[in-house]
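Below is one structure; the comments refer to it alone.
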Amino acid sequence: MVEKDQKYFKTHEDLVIYKLAFSAAMEIFEQSKNFPVEERYSLTEQIRRCSRSVCANLAKAWRKRRYKAAFVAKLSDCEAEATEVQVWLTFAVKCQYIKVEKARELYGIYNQVLSGLAQMISLCDDELFD
Numbered sequence: 005m006v007e008k009d010q011k012y013f014k015t016h017e018d019l020v021i022y023k024l025a026f027s028a029a030m031e032i033f034e035q036s037k038n039f040p041v042e043e044r045y046s047l048t049e050q051i052r053r054c055s056r057s058v059c060a061n062l063a064k065a066w067r068k069r070r071y072k073a074a075f076v077a078k079l080s081d082c083e084a085e086a087t088e089v090q091v092w093l094t095f096a097v098k099c100q101y102i103k104v105e106k107a108r109e110l111y112g113i114y115n116q117v118l119s120g121l122a123q124m125i126s127l128c129d130d131e132l133f134d
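Set out below in structure tokens:
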């Protein structure tokens, strides 16, 4: 039975993990403004695209939440995109385009996102669709 004071999520934007991923994507956008022009179509575009894709796939997962396989597939896509962000952050550090401290902070945020996604997927197996 659902408690009276239990919070209901009306949209994907109500999800804590979405808010975290969106905030991180915006920070990546700000940081990547300082990347060199010659990286525009490689590192800059890729890190921006995959950071935004985490959010977009979370929104898609939310709309498909009634269908376990589709829901889990979109969450899995989110995991892949979040991991890709971490790879691009590592390249940005090695190329000295971003400060190590800032990259560690963002990397850690994406670890939190990945942890949250794993929890959402495990809930599917345990209780959400039973």
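Numbering (my numbering), first residue to last: 5 to 134.
The C-beta atom is built at its ideal place from N, Cα and C for all residues, glycine as well.
Practice task
Rank Val-97, Lys-23, Phe-75 and Asn-38 by C-alpha distance to the C-alpha of Arg-56 and give the top, closest one.
Solution key: Nearest C-alpha to Arg-56 among Val-97, Lys-23, Phe-75 and Asn-38: Lys-23.
Exercise for the section: May I ask you to report which of helix, strand or coil DSSP gives Asn-61? Expected result: Under the three-state reduction of DSSP, Asn-61 is assigned to helix.
Practice task
To the nearest angstrom, report how far apart Ala-73 and Ser-80 are at their CA atoms.
Solution key: A straight line joining the alpha-carbon of Ala-73 with that of Ser-80 spans about 10 Å.
Exercise for the section: Report the rounded CA-to-CA distance for Val-104 versus Asp-18, giving the unit in angstroms. Expected result: Using only the alpha carbons, I get a separation of about 31 Å.
Practice task
Examine the Cβ distances between the segment 89-98 and the segment 37-55 and report whether three or more of them are shorter than 8 Å.
Solution key: The segment 89-98 is in contact with the segment 37-55.
Exercise for the section: Closer than 6 Å by C-beta to Phe-75: which residues in its own chain qualify, once you throw out the five before and the five after it? Chain order, please. Expected result: Same-chain partners within the cutoff: Ala-65, Lys-68 and Arg-69.
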